[in-house]
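Visitor: Numbering of the sequence shown is given in numbering that gives the first Met the number 0, commencing with residue 0 and proceeding in unit increments. Okay, here's the structure, questions in a sec.
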Amino acid sequence: MASPHPTIPDRPPTARELLAFYLEAGVDCALHDEPVNRLSEPEAAAPRTMDAPVERKPLVMEQKAVPRGTPIPPPAPDIAIASAREAARTAPTLDELRTLLDNFDGCALKATATRLVFADGNPEARVMFVGEAPGRDEDLTGLPFVGRSGKLLDLMLRAIGLDRTTAYIANVIPWRPPGNRDPSPQETQICLPFIKRQIELVDPDVLVCLGKPSSQAVLELKDGIMRSRGRWHTYDTGTRSIRAMATFHPAYLLRQPIYKRLAWQDLRSISKALTQTQT
Ligand code: URA
Numbered sequence: 000m001a002s003p004h005p006t007i008p009d010r011p012p013t014a015r016e017l018l019a020f021y022l023e024a025g026v027d028c029a030l031h032d033e034p035v036n037r038l039s040e041p042e043a044a045a046p047r048t049m050d051a052p053v054e055r056k057p058l059v060m061e062q063k064a065v066p067r068g069t070p071i072p073p074p075a076p077d078i079a080i081a082s083a084r085e086a087a088r089t090a091p092t093l094d095e096l097r098t099l100l101d102n103f104d105g106c107a108l109k110a111t112a113t114r115l116v117f118a119d120g121n122p123e124a125r126v127m128f129v130g131e132a133p134g135r136d137e138d139l140t141g142l143p144f145v146g147r148s149g150k151l152l153d154l155m156l157r158a159i160g161l162d163r164t165t166a167y168i169a170n171v172i173p174w175r176p177p178g179n180r181d182p183s184p185q186e187t188q189i190c191l192p193f194i195k196r197q198i199e200l201v202d203p204d205v206l207v208c209l210g211k212p213s214s215q216a217v218l219e220l221k222d223g224i225m226r227s228r229g230r231w232h233t234y235d236t237g238t239r240s241i242r243a244m245a246t247f248h249p250a251y252l253l254r255q256p257i258y259k260r261l262a263w264q265d266l267r268s269i270s271k272a273l274t275q276t277q278t
């Protein structure tokens with residue numbers, strides 16, 4: 000019979016075992032060189048007493064004085080969404096949109112990501128692909144879809160005669176969620192105005208959403224990818240209507256290669272639409 004008590008290891012874990020444990024738990028990036036003992040910080044160390052009232056500090060984020068990685072409370076989601084909408088609306092070019100995003104502090108994911116992952120490919124392309132959020136490789140390089148699923152996306156593009164000089168690639172979320180967790184609905188809503196503005200500025204003839212989170216956020220499709228894929232929709236960029244389709248995310252195809260056959264059908268429809276919309 001199994002012991003009711005957890006086994007106590009007879010030796011401390013090795014550094015390799017500890018790192019493996021952290022990785023398994025989703026801790027795969029270091030924010031500081033040294034651990035921070037928050038209990039030793041003056042505010043925590045000085046106990047409050049009835050006759051020593053707490054000094055209330057104003058809620059001002061002094062960005063310059065705060066080292067990278069220090070958790071800064073982001074604004075309330077509805078304030079962040081409103082300010083994202085306002086900021087994205089005013090960006091007249093892709094370069095300015097990128098700068099705006101780089102300076103935007105309304106999304107908590109920015110604090111844990113290494114860098115912004117804005118886009119890759121040709122901004123003049125007639126087709127734009129939108130994924131969900133960067134992973135580890137993208138976070139390290141600053142480019143979308145460069146890891147394993149990116150390699151598959153490149154093969155998918157190549158299958159219909161495209162590559163990163165003839166396609167434009169971005170994500171709904173431009174910062175890596177820690178440990179590759181799913182972005183929260185609030186994080187998605189905060190980032191949505193930026194990707195929508197990016198689509199408007201690229202103004203492709205054909206928009207392809209990769210996977211369910213992207214198709215739900217951008218195309219507002221309610222179904223799962225199995226039902227929503229392969230059908231044409233109309234996406235209103237704000238300046239014109241373009242053809243849009245949802246298809247499988249390459250990461251999903253890596254896990255479920257049996258669906259590559261259906262993905263190939265979608266790719267052929269995309270290729271055909273590009274020929275039809277050619278001017
Ligand atoms: N998955 C995504 O959705 N986007 C990337 O950039 C990489 C993996």
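Beta carbons are placed, not taken as given, at the ideal position from N, Cα and C, and that holds for glycine. Here the structure is a predicted model, which means the values were calculated and not measured.
Let me check you understand the geometry: is the CB of A250 closer than 7 Å to at least one non-hydrogen atom of the ligand URA?
Guide: At least one heavy atom of the ligand URA is nearer than 7 Å to the Cβ of A250, so yes.
Visitor: Is V217 a contact residue of the ligand URA, with contact defined as CB to any heavy atom under 7 Å?
Guide: The closest heavy atom of the ligand URA lies 7 Å or more from the beta carbon of V217.
Visitor: In whole angstroms, what separates the C-alpha of G134 from that of N102?
Guide: Going from the Cα of G134 to the Cα of N102 covers about 21 Å.
Visitor: How about A245 and I269: are their beta carbons less than 8 Å apart?
Guide: no
Visitor: Report whether the distance from the Cβ of G146 to the nearest heavy atom of the ligand URA is below 7 Å.
Guide: yes
Visitor: Please list, in chain order, all residues of the same chain as L93 whose beta carbon is under 6 Å from its beta carbon, the five residues on each side excluded.
Guide: P122 and L200
Visitor: Between L96 and L115, which are expected to be in contact by the criterion C-beta below 8 Å, what is the C-beta distance as a whole number of angstroms?
Guide: Contact doesn't hold; Cβ gap of about 11 Å is too wide.
Visitor: Can you give, in chain order, each stretch of the alpha helix (DSSP H) that sits fully within the region 141-209 and has at least 4 residues?
Guide: 147-158 and 184-201
Visitor: For the region 239-276, list the alpha helix (DSSP H) runs that are entirely contained and at least 4 residues long, ordered along the chain.
Guide: 249-254 and 259-275
Visitor: Using 8 Å as the cut-off, can you tell me whether the region 158-176 makes contact with the region 230-239, which would need three or more C-beta pairs spanning the two stretches below that distance?
Guide: no
Visitor: Is the beta carbon of I194 closer than 8 Å to that of V129?
Guide: yes
Visitor: Tell me the start and end of each unbroken beta strand (DSSP E) in the region 60-127 that is at least 3 residues and wholly inside, in chain order.
Guide: 118-120
Visitor: In three-state terms, what does DSSP make of D9?
Guide: coil
Visitor: Which residues in the same chain have their Cβ closer than 6 Å to the Cβ of L58, if we skip the five residues on either side of it in sequence?
Guide: The predicted model places L58 with a pLDDT of 34, which falls under 50 and marks its position as unreliable; any figure quoted below should be read in that light. So the list is empty, once near-sequence residues are dropped.
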